[in-house]
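According to this note's numbering, the stretch in the sequence shown is residues 19 to 331, in order. By construction, the Cβ of each residue, glycine as well, lies at the ideal position given by its N, Cα and C atoms. As structure tokens, the structure follows; a few thoughts come after it.
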Amino acid sequence: MALHYGQAIFEGMKAFPRAGGMGSIFRPRRCAARFNKSAARLEMPPLPADSFIMACEELVRTDITQVPVSGGQCLYLRPFMIATEASLGLRVADEYLFGIIASPLGYSADTPGGIAVWCPEDHIRAAAGGTGDAKCAGNYAASLVGKAEAARHGCEEALWLDAAEHRWLEELSAMNFFCVSRRADGTLELASPSLNGTILDGHTRDSLLRLAARQGIRTAERPVELAEVTRPDSSVVEAFACGTGVTVIPITRIVTRHGGHQIGDGRPGSLTARLRGELIAIQEGRIPDDYGWMHDVPQELTVSGRVPFAPSL
Ligand SMILES: *Cc1c(COP(=O)(O)O)cnc(C)c1O
């Protein structure tokens, strides 16, 4: 039934190898909660957070040994749930498969070069009341047209506008959006569009907002107008996209049907680079994890208490 009616959800997480052979997973409990939120939106059954985390731990125990500890490599985890019942009727399925696949993934602590993004006008990613804030497969099928359009305009990714007015910036197809403005008093503000039901509540987005606030930078979750970023006297000096896969990637150019707009001096920004570096340092265990984000995978399977729907291992 997943093939026809699209009851299919997923998550994305990274596990980082640690000396001694084990791994540490970035924010798995928040991931489990979001997985269940996506499940609820698609009328799929919830999976207890402890079962979700145990399954991730077991896969990390098995596969983290494939990932060198020398730095720059992690294990990307992709938990998913799909409707597997064989039926043609349009209704909520009675049978599901939960699984996790993994792949080694290389990354660099250095800031990558900036990307150009295209704001589609003829298509939208999400509308109020839709599935924009669920990590469901259909959202990504519907966003591919944006990526193809972006490529035709010389851009790497689509930066989606709101469905009603095509005036407010929302996010990319699989990454959240941030901009940095220089305020009248010379201080910086880090802003990301508010979670209004059409934007995915990213783990990276949430983490960066906290890290910036701790550094004394003013942070805001508020509506961000396209014109705020593209007008000639814009106070926006940096922009970036963020998500588990890329961590943070600078956006140096925004292209609309009215033309292209350079962000700041057209080069990756320094706050962008600093936030990226700090998050990666926490993930690699090089600086203290004051927020308790890293979840060390125990050497052995530990079952404490009753775990409903425990995966058969
Ligand atoms: C997964 C995703 C993100 C990024 O979320 P992270 O938890 O930071 O990986 C942002 N937007 C969309 C639409 C996504 O699917």
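Return the first residue and the last residue of the alpha helix (DSSP H) that residue i is part of.
| i | result |
| --- | --- |
| TYR158 | 155-170 |
| HIS22 | 20-23 |
| ASN54 | 46-59 |
| GLN233 | Segment: none, GLN233 is in no alpha helix (DSSP H) and carries neither H nor E. |
| THR290 | 288-301 |
| GLU246 | 244-248 |
Is residue i close to ligand 1? I mean its beta-carbon at under 7 Å from any heavy atom of the ligand.
| i | result |
| --- | --- |
| LYS153 | yes |
| GLY30 | yes |
| GLU318 | no |
| GLY332 | Limits of the chain in this structure are 19 at one end and 331 at the other, which puts residue 332 out of reach. |
| SER212 | no |
| THR216 | no |
| HIS221 | yes |
| CYS260 | yes |
| SER191 | yes |
Tell whether a beta-carbon distance below 8 Å holds between residue i and residue j.
| i | j | result |
| --- | --- | --- |
| GLY89 | GLU302 | yes |
| ALA144 | THR262 | no |
| ALA231 | ALA209 | no |
| VAL364 | MET193 | Any question about residue 364 goes unanswered here, given that the chain covers just 19 to 331. |
| ARG285 | HIS279 | no |
| GLY295 | ALA127 | yes |
| PRO97 | PHE28 | yes |
| MET62 | GLN25 | yes |
| ILE43 | CYS74 | yes |
| ARG223 | CYS260 | yes |
| THR205 | GLU256 | no |
| VAL242 | TRP186 | yes |
| LEU218 | GLU189 | yes |
| SER253 | ARG200 | yes |
Across which residues does DSSP place residue i in a beta bridge pair?
| i | result |
| --- | --- |
| GLY41 | PRO35 |
| CYS197 | ALA209 and ALA257 |
Could you spell out the range, first to last residue, of the beta strand (DSSP E) harbouring residue i?
| i | result |
| --- | --- |
| THR270 | 265-274 |
| MET312 | 312-314 |
| GLY147 | Taken as a continuous stretch (DSSP letters only), GLY147 belongs to no beta strand (DSSP E), as it is neither H nor E. |
| GLU183 | Neither: GLU183 is in no beta strand (DSSP E) and is coded neither H nor E. |
| ASP277 | Reading off the sequence, residue 277 comes out as Gly, not Asp. Run containing GLY277: 277-280, per the beta strand (DSSP E) assignment. |
| ALA176 | 175-179 |
| ILE27 | 26-28 |
Using a threshold of 7 Å, is the CB atom of residue i nearer than that to any non-hydrogen atom of ligand 2?
| i | result |
| --- | --- |
| ASN54 | Of the ligands one can find in the structure shown, namely ligand 1, none is ligand 2. |
task: Kindly provide the ranges of any beta strand (DSSP E) runs that are 3 or more residues long and lie completely inside the segment 71-143, ordered along the chain.
output: Uninterrupted beta strand (DSSP E) stretches at least 3 residues long and entirely within the segment 71-143 occur at 91-101, 114-124 and 133-136, given in chain order.
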